Amino acid sequence: MKTILVTGFEPFLDHEDNPTRKIAAVLDGEVIGEYKVKAAVLPVTFSGAADKVKEKIEETNPDAVMMLGLAAGRNPITPERVAINCNDGEVDNNGVKKQDEEIIEGGPAAYFSTLPIRNLVDALTEAGVPAAISNTAGTYVCNNIMYQTLHYLKERDLSIPAGFIHVPASHQMALQKHGLASMSEEEMLRAVRLMIEAM
Ligand code: PCA
1 MKTILVTGFE PFLDHEDNPT RKIAAVLDGE VIGEYKVKAA VLPVTFSGAA
51 DKVKEKIEET NPDAVMMLGL AAGRNPITPE RVAINCNDGE VDNNGVKKQD
101 EEIIEGGPAA YFSTLPIRNL VDALTEAGVP AAISNTAGTY VCNNIMYQTL
151 HYLKERDLSI PAGFIHVPAS HQMALQKHGL ASMSEEEMLR AVRLMIEAM
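Taking our numbering, the leading residue of the sequence shown gets 1, the next gets one more, and so forth.
In structure tokens:
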């Protein structure tokens with residue numbers, strides 16, 4: 001049986017929750033399609049998140065890596081196409097703020113996802129879950145871990161599929177913030193299971 005490392009994040013900024021934390025917790029240990037899930041929840045920090053992914057890769061020796069994060073305000077599930085070599089954005093959970101900084105000094109400008117992003121979107125769309133490829137993962141911690149993970153795998157010649165997928169806010173979060181686009185936690189769980197099956 002293959003192993004897939006699935007990561008979620010803790011809450012950050014003024015978000016009371018992060019649906020990806022629960023998705024990771026629920027899926028940990030599940031067998032989905034060809035994969036057994038090993039899950040981890042990451043801190044939303046420029047300095048610690050990517051190190052934890054690398055640690056988990058070393059610990060679990062996965063055949064695929066699917067990193068998940070919240071994109072509050074987005075409506076569909078969005079597999080990211082690309083991560084860029086840039087840290088810039090709001091403060092992280094350590095109170096650290098980055099601006100116009102390279103993630104890896106002199107590193108490649110960008111890395112493309114090696115997840116089958118078109119297949120993932122098609123599988124979700126066929127199952128009735130709103131989904132679309134996103135062409136920007138932003139420049140905050142999600143982009144950071146996608147970039148660093150793909151860089152780490154490349155440097156080690158590990159050609160396993162890896163990439164990042166943003167999910168919308170949950171309905172619970174939308175109840176606190178009027179007008180926030182949302183999806184139910186059950187639907188997001190179903191979506192992640194469908195994507196793992198489609199891998
Ligand atoms: N979303 C943030 C960081 C943590 C998360 O869940 C992002 O999109 O960068």
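The C-beta atom is built at its ideal place from N, Cα and C for all residues, glycine as well.
Small disclaimer: the values here were computed from a predicted structure and weren't measured.
The criterion of a C-beta distance shorter than 8 Å is not satisfied by Ala191 and Ala137. Of all C-beta pairs linking the segment 133-151 to the segment 66-81, three or more are shorter than 8 Å, placing the two stretches in contact. Secondary structure note for Thr3: its beta strand (DSSP E) is the uninterrupted segment Lys2 to Phe9. Contact between Met199 and Gly33 holds: their C-beta atoms lie close to 7 Å from each other, under 8 Å. In terms of side-chain proximity, the C-beta atom of Val82 is found no nearer than 7 Å to any non-hydrogen atom of the ligand PCA. Note on geometry: alpha-carbon atoms of Leu124 and Ala64 lie some 19 Å from one another.
Following the DSSP letters along the chain, one finds Met67 in no alpha helix (DSSP H) but inside the beta strand (DSSP E) bounded by residues Ala64 to Leu70. For the set Thr45, Ala50, Ile57 and Gly95, the Cα lying nearest the Cα of Lys38 is the one of Ile57.
Your pair Pro79 and Ser113 checks out as a contact, with CB atoms roughly 7 Å apart and the cut at 8 Å.
Three or more Cβ pairs drawn from the segment 146-162 and the segment 94-112 lie within less than 8 Å of each other, which places the two stretches in contact. Using a cutoff of 7 Å, the CB of Ala71 counts as near the ligand PCA, since one of the ligand's heavy atoms is closer than that.
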